[in-house]
Amino acid sequence: MKKNQIIIFDTTLRDGEQSPGASMSLEEKIQIAKAFEDLGVDILEAGFPAASQGDFEAVSEISKILTKTVPCGLARAVKNDLDRCYESLKHSKHFRIHTFISTSDLHMKFKLQKTREEVLDLIKFSVEYAKQFTNDVEWSPEDATRTDSDYLCKTVEHAIKCGATTINIPDTVGYATPSDYERIIKDLFNRVPNIDKVVVSTHTHNDLGLGVANALAGISAGARQVECTINGIGERAGNAALEEIVMAIKTRNDLMPYETNINTKKISACSKLVSSVTGFPIQYNKAIVGKNAFAHESGIHQDGMLKNKQTYEIMTPESVGVVKSSLVMGKHSGRHAFKEKLEALGYPNFDEKKIDESFKKFKDLADKKKHVFDEDIVALVDDDLMKDKNVIQLVSLNVVAGTKGQKAEIELDIYGKKSKTEQSGDGPVDSIFKGIKELFPHNINLQLYQVHAVTEGTDAQATVSVRIEEDGKISVGQAADTDTLVASAKAYINALNKLIIKRKRTAPRDEFSAAV
Ligand code: KIV
Ligand code: ZN
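Residue 10 is where the sequence shown starts when you use the working numbering, and the numbers rise one by one after that.
This is how it looks when you write it as structure tokens:
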């Protein structure tokens, strides 16, 4: 490894998925893993295999498909966790086991109810046990930034002696400041024997909005791996955002002369993928990937940009894969042009029948909407792709809305059988959702209902996201249509269809007892 190389360790599928409401299906995780490999992620933490059957399967399937990116699984200092980790990762030629245990007095006393000596014994056990399965063992002292510094040095030295090859320093509760975090990492480099033989890693949470700043401070102190997530998703306020770390290094390479393997042009697509799968919108002013990150509104800025882009642009939108919305085609465009467009948008494997179906949908859309943009086609095709797996389909919807009351007349095809109902509720969306519930009885909690416009203008397609929950299982549905109410019905049905798939894959009860 080059001295100035920074290893990008992505934990979107593990720490990211721990965001309340961000659960993803197996298919979605596989799709993300493939996109991240394409992005150039070095290590991908695909899950916590002992936590649930779903996590186990995801790590297992992902470890079968990755060829360049190294798959990794998380395990506590417990035999069963380490065994499950190995069982799920063993399909890959090279994999990493990441094992951790808390080291702060607070966590050891209240969470683990263990003494410092007992924790040292568990470090020895877990690292040595993991080492039987792979040479690539990462060890983390959880809550490292609130750990007594002498004891932290002792645990890190111990983990290295037992065979850890990466030492990760988690700021578990996002408590550190950049100078603080830099000092902790420097201290380890100054005091721990053989620290130069392992890779030191940052793992920084964003509770004080310092996740990225702390990761960069860690790098300047000598860390050569960063743990991060796309869009910064993760527990509570999230983790350090991959796109921000990578672009900070790239843009300020004069101050941070490091390299990563990330193909920055793929950042925007990965960010959109994670947002659509989790149903977590990207805040408009989010650095790098927000809708406004490259928008220039004020006259003075626009004038400067026209004269020389560098006046107000420190990196180009193209460098992170943001392409200007291009007007694709109108209703006169032909099938051939549409097929080429699909390929350019990343749908190269459509058979002729699928192209015909999508082309018909595109023509219908072009009849309703003057300008059809790339984003419209992506929304239309993605929406259509889900259909094949659906057991519930929307046949027709008619809604009456306005000041005199609201009602929805809805017809669904459920397992191939059509049925209809008419319902009224508190507004048109409530009426539609009641109608669906009447035809397909279920007992779920609606956690989120959200509408976004895909492009500009009142004729824009609406993308609706719906998040539902049933017995702890979360499902996010999405759909797009020029009619917001049709999109709402389809999104709700999409979430139900995904939930039905999840029901079929019910995980057995969590087998392990309380945390160590
Ligand atoms: O934040 C944390 O401490 C973690 C560890 C499991 C690495 O995510
Ligand atoms: Zn974490």
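Idealized CB from N, CA, C, for every residue including glycine.
Counting Cβ pairs, one atom from each stretch, are 3 or more of them under 8 Å apart for the segment 425 to 433 and the segment 445 to 459?
Yes, the segment 425 to 433 touches the segment 445 to 459.
What is the DSSP secondary structure of residue 153, counted as helix, strand or coil?
Residue state, collapsed to three classes: helix.
Going by alpha carbons, who is nearest to residue 240 out of 386, 264, 161 and 45?
Comparing Cα-Cα distances from residue 240 to each of 386, 264, 161 and 45, the minimum goes to 45.
Tell me whether residue 508 sits in a helix, a strand or coil according to DSSP, three-state version.
Three-state result, residue 508: helix.
When burial is assigned at 16 or more other CB atoms within 10 Å of the CB, is residue 506 buried or exposed?
With 16 or more Cβ atoms within 10 Å of its Cβ, residue 506 is classed as buried.
Output the distance between the C-alpha atoms of residue 496 and residue 413, rounded to the nearest integer angstrom.
Going from the Cα of residue 496 to the Cα of residue 413 covers about 23 Å.
What did DSSP end up calling residue 61 once you bin it into helix, strand or coil?
DSSP places residue 61 in coil when its eight states are reduced to three.
Secondary structure at residue 310, three-state DSSP: helix, strand or coil?
Of the three classes helix, strand and coil, the one that applies to residue 310 here is helix, per DSSP.
Please report the residue range of the beta strand (DSSP E) in which residue 304 lies.
Segment: none, residue 304 is in no beta strand (DSSP E) and carries neither H nor E.
Mapping DSSP to helix, strand and coil, what is residue 457?
Strand.
Based on DSSP bridge pairs, tell me the residues matched to residue 407.
DSSP, once it has assigned bridges, lists 418 as partnering residue 407.
Does the beta-carbon of residue 24, which I'm using as the reference point, lie nearer than 7 Å to any heavy atom of the ligand KIV?
Residue 24 Cβ: within cutoff of the ligand KIV.
Return the bridge partner residues of residue 16 from the DSSP annotation.
Answer is 234, bridged to residue 16.
Based on DSSP bridge pairs, tell me the residues matched to residue 76.
Answer is none; residue 76 lacks a bridge partner.
Which class does residue 203 belong to by DSSP, given the choice of helix, strand or coil?
In this structure, residue 203 counts as coil in the three-state DSSP scheme.
Would the C-beta of residue 179 count as close to the ligand ZN, meaning under 7 Å from any of its heavy atoms?
Yes - the ligand ZN has a heavy atom lying nearer than 7 Å to the Cβ of residue 179.
Which residues does DSSP list as the beta-bridge partners of residue 84?
Paired residue(s): 108.
With C-beta atoms as the reference, is residue 242 less than 8 Å away from residue 298?
Cβ atoms of residue 242 and residue 298: not closer than 8 Å.
DSSP three-state label for residue 487, please.
Strand at residue 487.
Taking only heavy atoms of the ligand ZN into account, decide whether any of them is closer than 7 Å to the Cβ of residue 54.
Answer for residue 54: no, Cβ out of range of the ligand ZN.
Starting from residue 437, follow the alpha helix (DSSP H) in both directions and report where the run begins and ends.
From DSSP, the alpha helix (DSSP H) with residue 437 extends over 437 to 448.
Helix, strand or coil for residue 366 per DSSP?
In this structure, residue 366 counts as helix in the three-state DSSP scheme.
Is the beta carbon of residue 109 within less than 7 Å of some heavy atom of the ligand KIV?
For the ligand KIV, at least one heavy atom lies less than 7 Å from the Cβ of residue 109.
How would you call residue 198, buried or exposed, if buried means at least 16 neighbouring beta carbons within 10 angstroms?
With fewer than 16 Cβ atoms within 10 Å of its Cβ, residue 198 is classed as exposed.
Give me, in chain order, the residues of the same chain whose beta-carbon lies closer than 8 Å to that of residue 167; leave out the 5 immediate sequence neighbours on both sides.
Cβ neighbours of residue 167 beyond the five flanking positions: 129, 132 and 133.
Skipping 5 residues on each side, what residues in its chain have a beta carbon closer than 7 Å to that of residue 478?
Contacts found: 453, 454 and 456.
Shorter than 7 Å, the distance from the beta carbon of residue 13 to the closest heavy atom of the ligand GDP, or not?
Only the ligand KIV and the ligand ZN can be found as ligands here, which leaves the ligand GDP out of the picture.
Can you check whether the CB of residue 207 is closer than 8 Å to the CB of residue 173?
Contact: yes.
Is it buried or exposed, residue 404, if we count other Cβ atoms within 10 angstroms and call 16 or more buried?
The residue in question, residue 404, is exposed, as its Cβ has fewer than 16 Cβ neighbours within 10 Å.
Quick one, are the C-beta atoms of residue 460 and residue 493 less than 8 Å apart?
Yes, they are a contact pair.
Classify residue 126 as buried or exposed, calling it buried when 16 or more other Cβ atoms lie within 10 Å of its own Cβ.
Its Cβ having fewer than 16 others within 10 Å, residue 126 is exposed.
Rounded C-beta distance between residue 16 and residue 234? I'm assuming under 8 Å.
Rounded, the Cβ-Cβ distance is 4 Å, consistent with contact.
When you compare only the Cα positions, how much space is there between residue 439 and residue 31?
One C-alpha to the other measures close to 24 Å.
Taking the continuous beta strand (DSSP E) assigned at residue 426, which residues delimit it?
Its beta strand (DSSP E) spans residues 426 to 433.
Please report the distance separating the alpha-carbon of residue 103 from that of residue 79.
Using only the alpha carbons, I get a separation of about 6 Å.
Starting from residue 135, trace the beta strand (DSSP E) in both directions and tell me its first and last residue.
No beta strand (DSSP E) holds residue 135; the alpha helix (DSSP H) holding it covers 125 to 140.
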